[in-house]
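Residue numbers (the numbering used here), protein chains in the order written: chain D, 543 to 866; chain A, 543 to 866. Beta carbons: idealized from backbone N, C-alpha and C, even for Gly.
2 protein chains.
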Amino acid sequence: MKDVASLAGVSEISVSRVMRNAPNISKKLRDRVMEAANSLSYTPNRVAGALKNQSSNLVAVVLPSMSNEVFSSVLDGIESVLNDQGLHAVLGLSEYDTERELKVIRELLSWSPMGIILTGLHHQDPIPGMIEQLGIPVVQIMDIEGTPIGSAVGISHSDAAIGAADYLHDKGYRKIGYIGAWSEKPERSKARRLAFEARLSDLGTPLVASIISEERSSATVGSQSTAALLQQAPEIDCIFYANDDLALGGLFHALSAGINVPGELGLLGFNGIEIGKATPIPLSSIETPRFEMGREAAKLLLSSKENGNRIKDLSFKISGGKTA
Amino acid sequence: MKDVASLAGVSEISVSRVMRNAPNISKKLRDRVMEAANSLSYTPNRVAGALKNQSSNLVAVVLPSMSNEVFSSVLDGIESVLNDQGLHAVLGLSEYDTERELKVIRELLSWSPMGIILTGLHHQDPIPGMIEQLGIPVVQIMDIEGTPIGSAVGISHSDAAIGAADYLHDKGYRKIGYIGAWSEKPERSKARRLAFEARLSDLGTPLVASIISEERSSATVGSQSTAALLQQAPEIDCIFYANDDLALGGLFHALSAGINVPGELGLLGFNGIEIGKATPIPLSSIETPRFEMGREAAKLLLSSKENGNRIKDLSFKISGGKTA
DNA sequence: CATTAAAATGACAACGTTACCAATATCTGC
DNA sequence: GCAGATATTGGTAACGTTGTCATTTTAATG
Chain D
543 MKDVASLAGV
553 SEISVSRVMR
563 NAPNISKKLR
573 DRVMEAANSL
583 SYTPNRVAGA
593 LKNQSSNLVA
603 VVLPSMSNEV
613 FSSVLDGIES
623 VLNDQGLHAV
633 LGLSEYDTER
643 ELKVIRELLS
653 WSPMGIILTG
663 LHHQDPIPGM
673 IEQLGIPVVQ
683 IMDIEGTPIG
693 SAVGISHSDA
703 AIGAADYLHD
713 KGYRKIGYIG
723 AWSEKPERSK
733 ARRLAFEARL
743 SDLGTPLVAS
753 IISEERSSAT
763 VGSQSTAALL
773 QQAPEIDCIF
783 YANDDLALGG
793 LFHALSAGIN
803 VPGELGLLGF
813 NGIEIGKATP
823 IPLSSIETPR
833 FEMGREAAKL
843 LLSSKENGNR
853 IKDLSFKISG
863 GKTA
Chain A
543 MKDVASLAGV
553 SEISVSRVMR
563 NAPNISKKLR
573 DRVMEAANSL
583 SYTPNRVAGA
593 LKNQSSNLVA
603 VVLPSMSNEV
613 FSSVLDGIES
623 VLNDQGLHAV
633 LGLSEYDTER
643 ELKVIRELLS
653 WSPMGIILTG
663 LHHQDPIPGM
673 IEQLGIPVVQ
683 IMDIEGTPIG
693 SAVGISHSDA
703 AIGAADYLHD
713 KGYRKIGYIG
723 AWSEKPERSK
733 ARRLAFEARL
743 SDLGTPLVAS
753 IISEERSSAT
763 VGSQSTAALL
773 QQAPEIDCIF
783 YANDDLALGG
793 LFHALSAGIN
803 VPGELGLLGF
813 NGIEIGKATP
823 IPLSSIETPR
833 FEMGREAAKL
843 LLSSKENGNR
853 IKDLSFKISG
863 GKTA
């Protein structure tokens with residue numbers, strides 16, 4: 543900055559003001575400084591700026607995993623808002639591990655981010671305090687059932703489960719099964735299953751059987767689990783899946799095994815991923831607004847100074863697929 | 543830090559040394575400081591540290607998009623290495639736009655990252671200079687055909703195209719078509735198509751027809767394009783796709799239309815995504831090591847101090863699918 | 001136990017910005 | 001043309017660390 547200042551024949555502070563276009567700068571001076579800055583290809587050092595300001599243009603984003611299209615969509619949504627504002631996401635992955643999550647949050651907070659986005663509402667004791675100490679806005683995503691630290695954007699997973707149960711019941715399915723995976727790692731999926739089971743019981747057609755694989759969700763696991771579940775309980779006429787990867791696997795199994803879908807076996811996924819719309823029989827699914835969730839999270843973060851903390855239910859919808 | 547120092551009855555610098563476990567600290571002092579730090583729940587301010595050190599624990603990662611499973615896998619691979627080292631990715635998305643990419647790179651560099659990972663080898667004039675000015679390592683991913691700024695990890699897309707052409711030719715296909723999308727946005731895919739076409743010509747069975755949709759790649763677009771291409775050139779006995787989303791769409795179209803795959807129509811995708819392994823007929827595809835690419839990129843970045851710049855060809859393999 | 005080497009601790013000045021206040025130039029209205 | 005207001009510029013001191021060097025303490029040696 544010193545070099546730019548002396549080349550332009552002005553003080554450093556003026557260079558600073560020009561670079562972040564602060565008010566009350568004459569056009570003459572601005573032009574002179576810009577020219578000098580360009581000729582030296584000077585870029586302001588944000589680290590120094592952040593140190594002085596006690597805040598930065600970074601947003602800490604803590605997600606459980608990147609190998610799940612749900613979270614990459616969410617991140618995409620977040621970035622779509624941040625990038626336009628000249629903000630940047632610093633990423634931390636918890637891998638569904640609370641210890642690790644704490645460590646990651648601590649490290650990210652040490653960068654004085656201007657805000658933080660967390661996944662889920664489960665955050666325990668030291669975390670809310672740490673964030674409050676910095677006085678930055680927090681948005682928690684995915685779930686809205688619980689007590690958020692700050693704002694929250696997501697859907698009600700128990701509502702979604704009830705919606706699924708009612709939908710399948712309305713369609714006439716009476717012997718319903720459930721398939722999950724990865725030991726129900728995102729604990730939201732467990733809550734969803736429990737609400738689903740409870741609703742089915744209320745409807746008088748309790749869950750017939752279920753399989754929760756220990757492996758990570760994938761179409762392959764979905765296919766295998768479906769075969770296994772149908773062997774274990776042949777009377778099943780419909781399966782609700784923890785996510786679309788599993789459901790697609792189920793659909794592929796049915797197609798291969800010549801099982802009539804949705805007549806002989808109904809299939810309902812969760813999330814509504816794009817590929818499910820193109821399968822020979824389009825997958826029925828509970829569509830969740832993942833990209834939108836990211837966008838809203840980022841927007842809430844940016845506006846929380848004026849608007850304070852909010853809870854935003856983005857709600858789901860049941861897709862017009864043909865498998866259930 | 544001052545508070546911790548006075549609580550522990552030591553100097554600030556000693557606190558600093560304990561926090562980043564520098565050598566030559568007695569156990570007694572370390573314990574005392576740690577206790578004080580914990581009781582005040584003190585976290586070092588990395589911004590200040592980075593300013594002093596002129597380098598941080600951030601790694602700038604510039605990708606074209608997050609709505610493509612290729613890049614989320616790559617990012618996953620990058621994070622899997624970084625997180626273990628206490629490093630963090632700061633993300634920038636170019637949206638396949640060179641202007642935007644330049645802006646993003648500039649902003650990320652102003653954070654004094656300890657390294658930067660870029661996508662592709664196309665980076666023009668100001669960029670190499672800007673990076674060199676900081677003296678930090680660069681790794682470019684996806685492609686290795688060209689002149690990298692620093693290190694590069696990826697595959698040879700022309701080799702992959704040649705491999706695809708040879709494979710299909712060996713299988714007896716003679717009337718081959720091609721389907722791409724999104725105006726061949728990642729320019730690598732165009733290079734790949736051209737190499738594919740050239741090889742087919744050399745083999746004496748030039749490309750029969752192709753469709754490059756302007757829409758973003760998706761199974762839906764793949765399905766539509768496949769129908770359109772077959773109508774346009776019914777003699778086609780095989781289609782090579784720019785990616786697996788498109789190819790899966792093609793497969794779904796074939797399944798719906800009752801086209802015999804791979805007898806009547808062969809299908810070959812690109813990338814080898816997981817879901818293709820579970821379809822009723824497993825998708826044949828050129829498998830690319832996306833996760834591994836991210837891992838290697840991060841590793842190269844970390845080791846480039848000792849090992850200097852390298853070019854790493856991770857190579858592809860043709861999957862054991864059944865659609866071609 | 002003196003002497004020297006090594007280990008442990010501390011003081012101070014940066015790192016590159018920007019907030020705060022002071023100083024100067026420019027513009028009003030009468 | 002002048003006081004007073006306003007717009008524009010500059011000076012100085014932080015922000016919270018850490019590298020360098022100085023100082024103190026501890027250990028090692030004969």
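Task: Short-range partners of chain A found in the region 817–833 of chain D, where Cβ spacing is below 7 Å - done: Cβ contacts with chain A come from ILE817, LYS819, ALA820, THR821 and PRO822.
Task: Reduced DSSP secondary structure (H/G/I, E/B, other) of D:PHE782 - done: Walking along the first sequence from the start, residue 782 of chain D turns up at place 240. Three-state DSSP puts D:PHE782 in a strand.
Task: Residue span of the alpha helix (DSSP H) that contains D:GLN766, given as start and end - done: Counting from 1 along the first sequence, the entry for residue 766 of chain D is found at position 224. For D:GLN766, the enclosing alpha helix (DSSP H) has its first and last residue at 761–774.
TODO: Give, in chain order, every unbroken run of the beta strand (DSSP E) that is at least 3 residues long and sits entirely within the region 669–713 of chain A.
DONE: If one requires a minimum length of 3 residues, the beta strand (DSSP E) runs lying completely within the region 669–713 of chain A are 680–685 and 693–697, in chain order.
Task: Whole-angstrom distance between D:SER752 and D:ALA784, CA atom to CA atom - done: Numbered from 1 along the first sequence, position 242 holds the residue referred to as residue 784 of chain D. Numbered from 1 along the first sequence, position 210 holds the residue referred to as residue 752 of chain D. Each residue's CA atom was taken as its position, placing D:ALA784 and D:SER752 some 11 Å apart.
- [ ] Return the first residue and the last residue of the beta strand (DSSP E) that A:ALA602 is part of.
- [x] Counted from its first residue, the second sequence places residue 602 of chain A at position 60. Looking at the DSSP string, the run of the beta strand (DSSP E) that includes A:ALA602 is 600–605.
Task: Option in D:GLU829, D:GLU637 and D:GLU838 with minimal Cα separation from D:LYS727 - done: Along the first sequence, read from residue 1 onward, the residue named residue 727 of chain D stands at position 185. Distances from the alpha-carbon of D:LYS727 to those of D:GLU829, D:GLU637 and D:GLU838 put D:GLU637 closest.
- [ ] Assign D:THR689 to buried or exposed, taking buried as 16 or more other Cβ atoms, counted over all protein chains shown, within 10 Å of its Cβ.
- [x] Locating residue 689 of chain D in the first sequence gives position 147, where the first residue counts as 1. So D:THR689 counts as exposed.
Task: A:PHE858 (DSSP reduced to helix, strand or coil) - done: For this step, residue 858 of chain A is matched to residue 316 along the second sequence. Here A:PHE858 sits in coil by DSSP.
Open item on the list: Please give the ranges of any beta strand (DSSP E) in the region 582–637 of chain D, keeping only runs that are unbroken, at least 3 residues long and fully inside the region.
Closed with: The qualifying runs are 600–605 and 630–635.
TODO: Determine whether the Cβ of D:THR762 lies closer than 8 Å to any Cβ atom of chain A.
DONE: Locating residue 762 of chain D in the first sequence gives position 220, where the first residue counts as 1. Answer yes: the Cβ-Cβ gap between D:THR762 and chain A drops below 8 Å somewhere.
Open item on the list: Can you tell me where the beta strand (DSSP E) holding A:ASN813 begins and where it ends?
Closed with: Position 271 of the second sequence, counted from the start, is the residue given in the question as residue 813 of chain A. Note, A:ASN813: beta strand (DSSP E), 808–813.
TODO: Please classify D:SER698: is it buried, with 16 or more other beta-carbons within 10 angstroms of its beta-carbon, or exposed?
DONE: In the first sequence, residue 698 of chain D corresponds to position 156, counting from 1. Counting C-beta atoms within 10 angstroms of its own C-beta, D:SER698 has 16 or more neighbours from the protein chains shown and is therefore classed as buried.
Open item on the list: If I measure Cβ to Cβ from D:MET672 and keep anything under 8 Å in the same chain, skipping five residues before and after, which residues do I get?
Closed with: Here residue 672 of chain D refers to the residue found at position 130 when the first sequence is read from its first residue. These residues qualify, in order along the chain: ILE647, ARG648 and LEU651.
Task: Residues of the region 720–731 of chain D whose Cβ lies closer than 9 Å to any Cβ of chain A, in chain order - done: Listed in chain order, the positions of the region 720–731 of chain D with a beta carbon within less than 9 Å of a beta carbon of chain A would be empty, since no residue qualifies.
Open item on the list: Within 8 Å, do at least three Cβ pairs link the region 656–664 of chain D to the region 676–687 of chain D?
Closed with: Three or more Cβ pairs closer than 8 Å define a contact, and the region 676–687 of chain D meets that threshold against the region 656–664 of chain D.
Task: Top-ranked residue by Cα proximity to D:LEU856, from D:LEU624, D:LYS864, D:ARG562 and D:ALA702 - done: Your numbering for residue 856 of chain D matches position 314 in the first sequence. The candidate whose alpha carbon is nearest that of D:LEU856 is D:ALA702.
Open item on the list: I need the straight-line Cα distance from A:LEU842 to A:SER693, nearest angstrom please.
Closed with: Residue 842 of chain A sits at position 300 when you count from the first residue of the second sequence. Residue 693 of chain A sits at position 151 when you count from the first residue of the second sequence. Their Cα atoms are separated by approximately 7 Å.
TODO: Have a look at D:ALA590 and D:PRO655 and give me their C-alpha separation to the nearest angstrom.
DONE: What you label residue 590 of chain D is simply residue 48 of the first sequence in a count that begins at 1. What you label residue 655 of chain D is simply residue 113 of the first sequence in a count that begins at 1. Here the alpha carbon of D:ALA590 sits roughly 14 Å from the alpha carbon of D:PRO655.
Task: Residues sharing a beta bridge with A:PHE660, DSSP - done: Taking the first residue of the second sequence as 1, we reach residue 660 of chain A at position 118. In the sequence as presented, Phe is not what sits at residue 660 of chain A; that position holds Leu. Under DSSP, A:LEU660 forms a beta bridge with A:GLN682.
Task: Other residues of its chain near A:PRO748: CB distance less than 6 Å, five sequence neighbours each side excluded - done: Here the question's residue 748 of chain A lines up with position 206 in the second sequence. Excluding sequence neighbours, A:PRO748 sits near LEU742.
Task: A:GLU838 in three-state terms, based on DSSP - done: For the purposes of this step, residue 838 of chain A is identified with residue 296 of the second sequence, where counting begins at 1. Taken through DSSP and simplified to helix, strand or coil, A:GLU838 comes out as helix.
Open item on the list: Within 10 Å of its beta-carbon, does D:ASN563 have 16 or more other beta-carbons around it, so buried, or fewer, so exposed?
Closed with: Residue numbering aside, residue 563 of chain D sits at position 21 when the first sequence is read from its first letter. Classification for D:ASN563: exposed.
Task: Closest residue to A:PRO586 among A:LYS713, A:VAL552, A:ASP545 and A:ASN610 (Cα-Cα distance) - done: Here residue 586 of chain A refers to the residue found at position 44 of the second sequence. The closest CA to that of A:PRO586, considering only A:LYS713, A:VAL552, A:ASP545 and A:ASN610, is found on A:ASP545.
Task: Inter-residue Cα distance where the pair is D:VAL695 and A:SER798 - done: Along the first sequence, read from residue 1 onward, the residue named residue 695 of chain D stands at position 153. Along the second sequence, read from residue 1 onward, the residue named residue 798 of chain A stands at position 256. A straight-line Cα-Cα distance of about 39 Å links D:VAL695 and A:SER798.
Open item on the list: Tell me the DSSP secondary structure of A:ALA737 in three-state form.
Closed with: Translated into the one-based positions of the second sequence, residue 737 of chain A becomes position 195. Correct three-state label for A:ALA737: helix.
Open item on the list: Could you give the first and the last residue of the continuous beta strand (DSSP E) run that contains D:GLU829?
Closed with: Within the first sequence, numbered from 1, the residue matching residue 829 of chain D stands at position 287. In the DSSP assignment, D:GLU829 falls within the beta strand (DSSP E) that extends over 826–829.
TODO: Could you list which residues in chain A have their beta carbon closer than 9 Å to that of D:GLY791, in chain order?
DONE: Within the first sequence, the letter at position 249 stands for residue 791 of chain D. Those are ILE817 and ALA820, listed as they occur along chain A.
Task: Pairwise C-alpha distance: A:ARG588 and A:GLU829 - done: Counted from its first residue, the second sequence places residue 829 of chain A at position 287. Counted from its first residue, the second sequence places residue 588 of chain A at position 46. Approximately 40 Å, taken between the alpha carbons.
- [ ] Using a Cβ-Cβ cut-off of 8 Å, state whether A:ASN587 counts as contacting chain D.
- [x] Residue 587 of chain A sits at position 45 when you count from the first residue of the second sequence. With 8 Å as the cut-off, A:ASN587 counts as an interface residue toward chain D.
Task: Cβ-Cβ distance between A:PHE812 and D:ALA820 below 8 Å - done: As a first step, residue 812 of chain A must be located in the second sequence, where it is residue number 270. As a first step, residue 820 of chain D must be located in the first sequence, where it is residue number 278. Contact flag unset, no.
Open item on the list: Measuring straight from C-alpha to C-alpha, what distance separates A:LEU772 and D:ALA737?
Closed with: Your numbering for residue 772 of chain A matches position 230 in the second sequence. Your numbering for residue 737 of chain D matches position 195 in the first sequence. Each residue's alpha carbon lies about 47 Å from the other.
Open item on the list: Between the alpha carbons of A:SER581 and D:LYS854, how many angstroms are there, rounded?
Closed with: Along the second sequence, one-based indexing puts residue 581 of chain A at 39. Along the first sequence, one-based indexing puts residue 854 of chain D at 312. Note on geometry: alpha-carbon atoms of A:SER581 and D:LYS854 lie some 36 Å from one another.
Open item on the list: Does the region 569–581 of chain A come into contact with the region 832–850 of chain D, if we say contact requires no fewer than three beta-carbon pairs (one atom in each stretch) closer than 8 Å?
Closed with: No, the region 569–581 of chain A does not touch the region 832–850 of chain D.
TODO: Report all residues from its chain with a CB closer than 8 Å to the CB of A:LEU624; omit the five preceding and five following residues, and keep chain order.
DONE: On the second sequence, position 82 is the one that residue 624 of chain A refers to. The residues are VAL601, HIS630, ALA631 and ALA840.
Task: Rounded straight-line distance, which links the Cα of D:GLY657 to that of D:ASP708 - done: Here residue 708 of chain D refers to the residue found at position 166 of the first sequence. Here residue 657 of chain D refers to the residue found at position 115 of the first sequence. In this model, D:ASP708 and D:GLY657 are separated by some 39 Å (Cα to Cα).
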